[in-house]
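Undergrad:
2 protein chains.
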Amino acid sequence: MNTEQYISMPKEALLKEQTALQQKYNAYQAQKLNLNMARGKPGPEQLELSMPMLNILHGKSELYAANGDDCRNYGLLEGLPEMRQFFGDLLGVDACDVIVGGNSSLNMMFDTVDAGMHYGFSNCKPWAAQGKLKFLCPCPGYDRHFGLTEYFGIEMIIIPMTEQGPDMDMVEQLVSSDTSVKAIWCVPKYSNPQGITYSDEVVRRFATLKPAAKDFKILWDNAYCVHDISDTPDNLLNLMKECKKQGSDDLPIIFTSTSKITFPGAGVAAMAGSKNTLATIRKKLALQTIGYDKINQLRHLLFLKDLNGVTKIMEQHKALIRPKFDIVLNTLKQELTSAGFAHWTNPQGGYFVSVNVMEGCAKRVVTLCKEAGVTLTDAGATYPYGKDPNDCNIRIAPTFPSIEELKQAMDIFCIAAKLAALEHLLTK
Amino acid sequence: MNTEQYISMPKEALLKEQTALQQKYNAYQAQKLNLNMARGKPGPEQLELSMPMLNILHGKSELYAANGDDCRNYGLLEGLPEMRQFFGDLLGVDACDVIVGGNSSLNMMFDTVDAGMHYGFSNCKPWAAQGKLKFLCPCPGYDRHFGLTEYFGIEMIIIPMTEQGPDMDMVEQLVSSDTSVKAIWCVPKYSNPQGITYSDEVVRRFATLKPAAKDFKILWDNAYCVHDISDTPDNLLNLMKECKKQGSDDLPIIFTSTSKITFPGAGVAAMAGSKNTLATIRKKLALQTIGYDKINQLRHLLFLKDLNGVTKIMEQHKALIRPKFDIVLNTLKQELTSAGFAHWTNPQGGYFVSVNVMEGCAKRVVTLCKEAGVTLTDAGATYPYGKDPNDCNIRIAPTFPSIEELKQAMDIFCIAAKLAALEHLLTK
Chain D
523 MNTEQYISMP KEALLKEQTA LQQKYNAYQA QKLNLNMARG KPGPEQLELS MPMLNILHGK
583 SELYAANGDD CRNYGLLEGL PEMRQFFGDL LGVDACDVIV GGNSSLNMMF DTVDAGMHYG
643 FSNCKPWAAQ GKLKFLCPCP GYDRHFGLTE YFGIEMIIIP MTEQGPDMDM VEQLVSSDTS
703 VKAIWCVPKY SNPQGITYSD EVVRRFATLK PAAKDFKILW DNAYCVHDIS DTPDNLLNLM
763 KECKKQGSDD LPIIFTSTSK ITFPGAGVAA MAGSKNTLAT IRKKLALQTI GYDKINQLRH
823 LLFLKDLNGV TKIMEQHKAL IRPKFDIVLN TLKQELTSAG FAHWTNPQGG YFVSVNVMEG
883 CAKRVVTLCK EAGVTLTDAG ATYPYGKDPN DCNIRIAPTF PSIEELKQAM DIFCIAAKLA
943 ALEHLLTK
Chain E
523 MNTEQYISMP KEALLKEQTA LQQKYNAYQA QKLNLNMARG KPGPEQLELS MPMLNILHGK
583 SELYAANGDD CRNYGLLEGL PEMRQFFGDL LGVDACDVIV GGNSSLNMMF DTVDAGMHYG
643 FSNCKPWAAQ GKLKFLCPCP GYDRHFGLTE YFGIEMIIIP MTEQGPDMDM VEQLVSSDTS
703 VKAIWCVPKY SNPQGITYSD EVVRRFATLK PAAKDFKILW DNAYCVHDIS DTPDNLLNLM
763 KECKKQGSDD LPIIFTSTSK ITFPGAGVAA MAGSKNTLAT IRKKLALQTI GYDKINQLRH
823 LLFLKDLNGV TKIMEQHKAL IRPKFDIVLN TLKQELTSAG FAHWTNPQGG YFVSVNVMEG
883 CAKRVVTLCK EAGVTLTDAG ATYPYGKDPN DCNIRIAPTF PSIEELKQAM DIFCIAAKLA
943 ALEHLLTK
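Structure below.
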């Protein structure tokens, strides 16, 4: 095996390396595998953890909310009082600042941006009536944030990620100088895809932003708030508390869900914000639905109970997920370190590992993987409009495949990454 | 008791009647009652019918969709194949023309209008890019249809209802001549609030509409498709079949849900439309959610099974609801017939009785009821912008109160209706 950096190898050595790797690649291709590392999907063994929740409602007495309402009937548009408290505890905010939604936090984000477009925030004109709009997008980031922003015709501005979070110098400069900058998308803990947790300083700088636009919002998608995979988990400073200290509590709109605590697709989503913010959200909510599924909220309350209950099940998830992350990280280290062209993150939680392959090669790596039976997230997906300016970032989602599948898939990924790099160097 | 028509009574007799009724009213007011006939909410005894559904998922083997997908994980954006079939059977359309949603058909309607605004239908420009837009609103109608239409800034045009459905002469005239008329809201079976089922002729005239706007849509909210209360239920002609005969299957978009079959708020909603229509819907759907709650779809499939299962539970609902409708209709007949100023419908199904009190009196009746402890739907709610041009229509929802409560509430309603009429006549 090669132990030299590709960049410093002579052409002949590169060709030799290519031949050896091509043989391995062909052998995998002959196996006609069908492996998938594309989406942050829990593995089947993780789904087993929540099976007791399915039959947890035993009697009629359990079907009433804290306020006496029958959860089987219409009502309680903002969620059960005790479920608002549950999410308040999870997010470190007051229960009265929480609205509980349906099964999808993405849908709540979509509706939130729509409410901003239609009604506007903070007593400003509707976003839609203000001409050109811009959202800041720390990158690499979450493709679905970008997809919904594009739906609303909002221009996306790439903000580079550092190891501490978004480049705050750039964020502050843009936010404080441009009234058309209306929001920033953040996955502040175990970011998608890098697994970076914003540092205390970054969170404080968010709380002390002085936006040119009075209706600027921090869209704080705390999807992975309790999703540790390490015994030395990251800690995220509480943005809402910091904002309340600064009197800037109209800034953040916080989202989360139990999708990766209980069942993806059959979990419960929630959002939190200031009174002003939620007043705007409520106006739309009252027109678009009579209420969300309160029986599923009850199931979650009986099953998870409180933060202790969440901690317990997240420990079980960790035990199942961590070996998968180990395989990804160990394979990357073993196979790609010496060649020297690739860089990746070492997350303490979340659902992804972010790999930068050789610049200009990400699309080719994804294609090579696909042709050997391994589906990855599309190259470019971690950037607005699906366009990675350097064509180098690839998001790896290790949770869904089995351990055996993952070993094969990662082996193929590393071969593909090297083959693409060699092609690139040899055709220069 | 008075047995004359108010309109032909001399002033003295009216005053005497007023005094007698005011005494009764005062006696009720002294009881400080708290009764509610405002919303179409099933009664608690109806909710008991679906209790077995809560614990119906017993084993892992039941958690897979017909295509093999694990329903506990992400996926199947358009719903389980077998749930699409279930709703296809319920609505009389092909399973492939169905998209299964979350718990709220109202939310699907909201998203549908939004998709029309944003993407447009039938290869036309987005509705939002076409300037002034109008929706036709058969009235009295459903307040939430009007509320969401107002959200989108679409002008609402009142279409009078006849006993056969909307005034089709007026519908045809407007639809065929005005390209800004983009849709009509219909509750074609047991309409909200009148309980009118559109006649075969009306349905056929809908299928043969020749809209001036190529992107005109019939928004067919079939909320009460199986909700009979009579042993001689109405039959609604299948609009989609009629449209397919005419080659006009891009016209209808059909909505329904199990909210009043199983649990309101924890049911399953669905929509149906042509391939062209659903293509537009799908574009938005893919951006706003990763998928709806498939486990709840499974619960419904195991509990209701098929159309036979639906028929069985609807018979049980009927047995519980019908005595309540009988109280409403008998009280109206007994208390209001002779006074001659009120008119009401005699529905064979649905959730409401529509009462026209004396013109100019509906608001006063609602206020008088409120002050005697009976909450009704706001007067005007059955018209766009909450404005009943004749101030005479009131929607009565008999299902939620108990039999005893309903007797009192209807007694108070009739007293209030008469008092308001007397006030009106005496101050002329």
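Here the protein sequences line up with chains D and E, keeping their order.
At position 250 of the first sequence the residue is numbered 772 (this note's numbering), and the sequence of numbers has no breaks.
At position 29 of the second sequence the residue is numbered 551 (this note's numbering), and the sequence of numbers has no breaks.
We treat Cβ as the ideally placed atom computed from N, Cα and C, and that holds for glycine.
Check the Cβ of D/S626 against every Cβ in chain E and list those closer than 7 angstroms, keeping chain order.
TA: Position 104 of the first sequence holds residue 626 of chain D. Those within 7 angstroms of D/S626 in chain E are T811, I812.
Undergrad: Let me check understanding here. Comparing Cα to Cα, which of E/P845, E/I934, E/F863, E/S583 lies closest to E/T889?
TA: Here residue 889 of chain E is taken as the residue at index 367 of the second sequence, counted from 1. That would be E/I934, whose Cα lies nearest to the Cα of E/T889.
Undergrad: Is it buried or exposed, D/D616, if we count other Cβ atoms within 10 angstroms and call 16 or more buried?
TA: Residue 616 of chain D sits at position 94 when you count from the first residue of the first sequence. It is exposed - the Cβ of D/D616 has fewer than 16 other Cβ atoms within 10 Å.
Undergrad: For D/N558, list the residues DSSP reports as bridge partners.
TA: Sequence index remark: in the first sequence, residue 558 of chain D carries index 36 (1-based). Its beta-bridge partners are D/T897.
Undergrad: Is there at least one Cβ from chain D nearer than 7 angstroms to E/F609's Cβ?
TA: Within the second sequence, residue 609 of chain E is the residue found at index 87, counting from 1. Closer than 7 angstroms: no.
Undergrad: D/G895 to D/Q545, Cα distance in whole Å?
TA: Position 373 of the first sequence, counting from 1, holds the residue named residue 895 of chain D. Position 23 of the first sequence, counting from 1, holds the residue named residue 545 of chain D. Near 16 angstroms, if we compare the C-alpha coordinates of D/Q545 and D/G895.
Undergrad: Can you find a CB in chain E that lies within less than 7 angstroms of the CB of D/R594?
TA: Taking the first residue of the first sequence as 1, we reach residue 594 of chain D at position 72. It does; some Cβ of chain E falls within 7 angstroms.
Undergrad: Could you check the C-alpha separation between E/S572 and D/S627 for me, to the nearest Å?
TA: The sequence position of residue 572 of chain E within the second sequence is 50, counting from 1. The sequence position of residue 627 of chain D within the first sequence is 105, counting from 1. Taking the straight line joining both Cα atoms gives about 28 angstroms.
Undergrad: Closer than 7 angstroms, Cβ to Cβ, to anything on chain E: give me those residues from the stretch 784–798 of chain D, in chain order.
TA: Those residues of the stretch 784–798 of chain D that come within reach of chain E (Cβ to Cβ, closer than 7 angstroms) are F785, P786, G787, A788.
Undergrad: Note down the Cα distance separating D/I740 from E/Q810, rounded to an integer number of angstroms.
TA: For the purposes of this step, residue 740 of chain D is identified with residue 218 of the first sequence, where counting begins at 1. For the purposes of this step, residue 810 of chain E is identified with residue 288 of the second sequence, where counting begins at 1. Going from the Cα of D/I740 to the Cα of E/Q810 covers about 19 angstroms.
Undergrad: Interface residues of chain D around E/G669 at Cβ under 7 angstroms?
TA: In the second sequence, counting from the first residue as 1, residue 669 of chain E sits at position 147. Residues of chain D passing the Cβ test: L809.
Undergrad: Quick one: which unbroken alpha helix (DSSP H) runs of 4-plus residues sit fully inside the stretch 526–555 of chain E? Chain order, please.
TA: Here the runs fully enclosed are 533–552.
Undergrad: Tell me the DSSP bridge mates of D/D743?
TA: For the purposes of this step, residue 743 of chain D is taken as the residue at position 221 of the first sequence. Bridge partners of D/D743: D/F777.
Undergrad: Find out if the Cβ-Cβ distance for the pair D/C593, D/K766 is shorter than 7 angstroms.
TA: Translated into the one-based positions of the first sequence, residue 593 of chain D becomes position 71. Translated into the one-based positions of the first sequence, residue 766 of chain D becomes position 244. No, Cβ-Cβ distance for D/C593 and D/K766 is not below 7 angstroms.
Undergrad: Counting only beta-carbon separations shorter than 7 angstroms, does E/K816 have a partner in chain D?
TA: Against the second sequence, residue 816 of chain E aligns to sequence position 294. So yes, E/K816 belongs to the interface.
Undergrad: To the nearest angstrom, how far is the alpha carbon of E/I783 from that of E/M836?
TA: Against the second sequence, residue 783 of chain E aligns to sequence position 261. Against the second sequence, residue 836 of chain E aligns to sequence position 314. The alpha-carbon atoms of E/I783 and E/M836 are separated by roughly 7 angstroms.
Undergrad: Going along the chain, which residues of its own chain have a beta-carbon closer than 8 angstroms to the beta-carbon of D/R727, five neighbours each way excluded?
TA: By 1-based counting over the first sequence, the position of residue 727 of chain D is 205. Once the five neighbours on either side are set aside, the close Cβ partners of D/R727 are M690, V693, E694.
Undergrad: Listed from N- to C-terminal order along the chain, which residues in the stretch 557–568 of chain D have their beta-carbon within a distance smaller than 8 angstroms of any beta-carbon of chain E?
TA: Hits within the stretch, in order: R561, K563, P564, P566.
Undergrad: Hey, how far is the Cα of D/W866 from the Cα of D/I918?
TA: Position 344 of the first sequence, counting from 1, holds the residue named residue 866 of chain D. Position 396 of the first sequence, counting from 1, holds the residue named residue 918 of chain D. Straight-line Cα distance between these residues: approximately 10 angstroms.
Undergrad: At 8 angstroms on the CB atoms, spell out the chain D contacts of E/L579, in chain order.
TA: Position 57 of the second sequence, counting from 1, holds the residue named residue 579 of chain E. Those within 8 angstroms of E/L579 in chain D are L576, N577.
Undergrad: Output needed for E/F825: all residues of its chain with C-beta closer than 8 angstroms, excluding positions within five of it in sequence on either side, in chain order.
TA: Stepping through the second sequence from its first residue, residue 825 of chain E is reached at position 303. So the list reads S572, P574, M575, I578, T784, G831, once near-sequence residues are dropped.
Undergrad: Considering only C-alpha positions, which residue in the set E/T684, E/C661, E/L655 is nearest to E/T671?
TA: Indexing the second sequence from 1 puts residue 671 of chain E at position 149. Minimum Cα distance to E/T671 is reached at E/L655.
Undergrad: For a test of the three-state rule: what should DSSP assign to E/L731, helix, strand or coil?
TA: Counted from its first residue, the second sequence places residue 731 of chain E at position 209. Here E/L731 sits in coil by DSSP.
Undergrad: Can you check DSSP and say which residues form a bridge with D/Y586?
TA: Within the first sequence, the letter at position 64 stands for residue 586 of chain D. Answer is D/D592, bridged to D/Y586.
Undergrad: Relative to the C-alpha of E/E685, which candidate in E/H749, E/F668, E/D722, E/N912 has its C-alpha closest?
TA: Within the second sequence, residue 685 of chain E is the residue found at index 163, counting from 1. Selected option, being the one with the closest Cα: E/D722.
Undergrad: In chain order, what residues of the same chain lie with their CB nearer than 7 angstroms to the CB of D/G624, ignoring the 5 residues before and after it?
TA: As a first step, residue 624 of chain D is located in the first sequence; it is residue number 102 there, counting from the start. Hits under 7 angstroms: A791, Y814, D815.
Undergrad: As a quick exercise: from E/G642, E/V725, E/A650, E/N629, pick the residue whose alpha carbon is nearest that of E/S779.
TA: Here the question's residue 779 of chain E lines up with position 257 in the second sequence. Nearest option by C-alpha distance: E/N629.
Undergrad: For D/N878, list the residues DSSP reports as bridge partners.
TA: Stepping through the first sequence from its first residue, residue 878 of chain D is reached at position 356. D/H865, D/N915, per the DSSP bridge assignment.
Undergrad: Counting beta carbon pairs with one atom in the stretch 698–714 of chain E and one in the stretch 835–852 of chain D, are three or more of them shorter than 8 angstroms?
TA: Judged by Cβ distances under 8 angstroms, the stretch 835–852 of chain D makes no contact with the stretch 698–714 of chain E, as fewer than three pairs qualify.
Undergrad: Tell me where the alpha helix (DSSP H) around D/L944 begins and ends.
TA: For the purposes of this step, residue 944 of chain D is taken as residue 422 along the first sequence, with counting starting at 1. Unbroken alpha helix (DSSP H) run through D/L944: 925–948.
Undergrad: What are the boundary residues of the alpha helix (DSSP H) that includes D/T833?
TA: In the first sequence, the residue the question calls residue 833 of chain D occupies position 311. Per DSSP, D/T833 belongs to the alpha helix (DSSP H) from 829–858.
Undergrad: Reducing DSSP to helix, strand and coil, say where D/C883 ends up.
TA: Working through the first sequence from its first residue, we reach residue 883 of chain D at position 361. Three-state DSSP puts D/C883 in coil, outside helix and strand.
Undergrad: So E/F643 contacts chain D; which residues on that side make the cut at Cβ distance below 9 angstroms?
TA: Start at 1 with the first residue of the second sequence, and residue 643 of chain E comes out as number 121. By Cβ distance, chain D contributes nothing, its closest Cβ being about 17 angstroms from E/F643, past 9 angstroms.
Undergrad: Under 8 angstroms by Cβ, that's how I've got E/L658 and E/L696 pegged, so tell me the actual separation to the nearest angstrom.
TA: Taking the first residue of the second sequence as position 1, residue 658 of chain E is located at position 136. Taking the first residue of the second sequence as position 1, residue 696 of chain E is located at position 174. The pair is a contact, with the Cβ atoms about 6 angstroms apart (cut-off 8 angstroms).
Undergrad: Please return the same chain residues whose Cβ sits closer than 6 angstroms to the Cβ of D/G638, not counting the five positions on each side in sequence.
TA: Sequence index remark: in the first sequence, residue 638 of chain D carries index 116 (1-based). So the qualifying residues of the chain are W649.
Undergrad: Would you give the residue range spanned by the alpha helix (DSSP H) that E/E694 belongs to?
TA: Counting from 1 along the second sequence, the entry for residue 694 of chain E is found at position 172. From DSSP, the alpha helix (DSSP H) with E/E694 extends over 690–699.
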